[in-house]
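Residue numbers (the working numbering): 37 to 190.
We put the CB at the ideal spot given by N, CA and C, even for glycine.
All figures in this text were calculated on a predicted structure; none of them were measured in a lab.
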Ligand code: DQA
């Protein structure tokens with residue numbers, strides 16, 4: 037039977053527009069355009085339409101997450117610095133009522149203590165971190181598998 041095309045929204049938070057130039061020893065040399073193009077091809081292979089957006093503004097990220105209520109089946113989110121601080125982004129994920137995967141390029145647990153806390157992990161289906169750009173690819177595969185998993189009532 038033909039599978040329905042899933043609609044996945046990929047969101048990148050503050051400073052991720054600088055990927056490739058920003059602290060390459062931590063975040064690697066791939067830029068955001070390359071990461072987004074690779075995700076879009078992977079999505080195509082896996083039967084998903086992938087749209088990627090980046091903002092440095094918390095409220096803009098909140099508005100895009102809210103859109104998922106109507107327009108998207110799931111969200112892949114690197115909230116960057118807002119991961120560690122944003123109650124508003126956490127509340128938007130809860131309100132969206134669509135599965136969200138938290139993604140990080142770096143292993144935040146091997147870094148400064150303030151990065152060890154995530155405000156959003158508890159309202160996400162899962163977290164992928166530490167694999168560089170591959171964190172997004174692994175997260176996309178996990179999200180698509182999750183969405184295609186048959187779920188019963190109990
Ligand atoms: C990050 C980790 C965050 O702590 C940091 O603020 C970022 C990027 C990552 O992808 O490794 O901007 O989310």
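Residues near residue i by beta carbon distance below 7 Å, same chain, minus five either side
i, result
"residue 183", "42, 109, 110 and 135"
"residue 144", "151, 152 and 165"
"residue 62", "142"
"residue 58", "51"
Collapsed DSSP secondary structure at residue i in the structure displayed
i, result
"residue 112", "strand"
"residue 43", "strand"
"residue 152", "coil"
"residue 86", "strand"
"residue 120", "helix"
"residue 61", "helix"
"residue 93", "coil"
Near the ligand DQA: residue i beta-carbon under 7 Å from a heavy atom
i, result
"residue 7", "As displayed, the chain neither begins before 37 nor continues past 190, which places residue 7 out of reach and without an answer."
"residue 140", "yes"
"residue 70", "no"
"residue 151", "yes"
"residue 116", "yes"
"residue 119", "yes"
"residue 144", "yes"
"residue 51", "yes"
Counted within 10 angstroms of its Cβ, other Cβ atoms place residue i as buried (16 or more) or exposed
i, result
"residue 191", "Because the chain is modelled from 37 through 190, residue 191 falls outside the range shown and cannot be assessed."
"residue 191", "Any answer about residue 191 is impossible in this case: the structure gives the chain only from 37 up to 190."
"residue 60", "exposed"
"residue 197", "This structure leaves residue 197 out entirely; the chain is present only between 37 and 190."
"residue 185", "exposed"
"residue 98", "buried"
"residue 171", "buried"
"residue 187", "exposed"
Start and end residues, alpha helix (DSSP H) containing residue i
i, result
"residue 171", "170-184"
"residue 159", "Element bounds for residue 159: n/a, residue is neither H nor E."
Residue i, enclosing beta strand (DSSP E) - first and last residue
i, result
"residue 81", "Looking at the DSSP string, residue 81 is not in any beta strand (DSSP E); the run it does join, the alpha helix (DSSP H), is 68-82."
"residue 138", "136-140"
Proximal residues to residue i (C-beta, below 6 Å), its chain only, five neighbours per side dropped
i, result
"residue 163", "138 and 157"
"residue 154", "119"
"residue 48", "90 and 114"
Contact test: residue i Cβ vs the ligand COA heavy atom, cutoff 7 Å
i, result
"residue 83", "Annotation note on the ligand COA: not contained in the displayed structure, which lists the ligand DQA as its ligands."
Chain-order list of residues whose beta-carbon lies under 8 Å from that of residue i (same chain, five-residue window excluded)
i, result
"residue 85", "41, 42, 43, 44 and 79"
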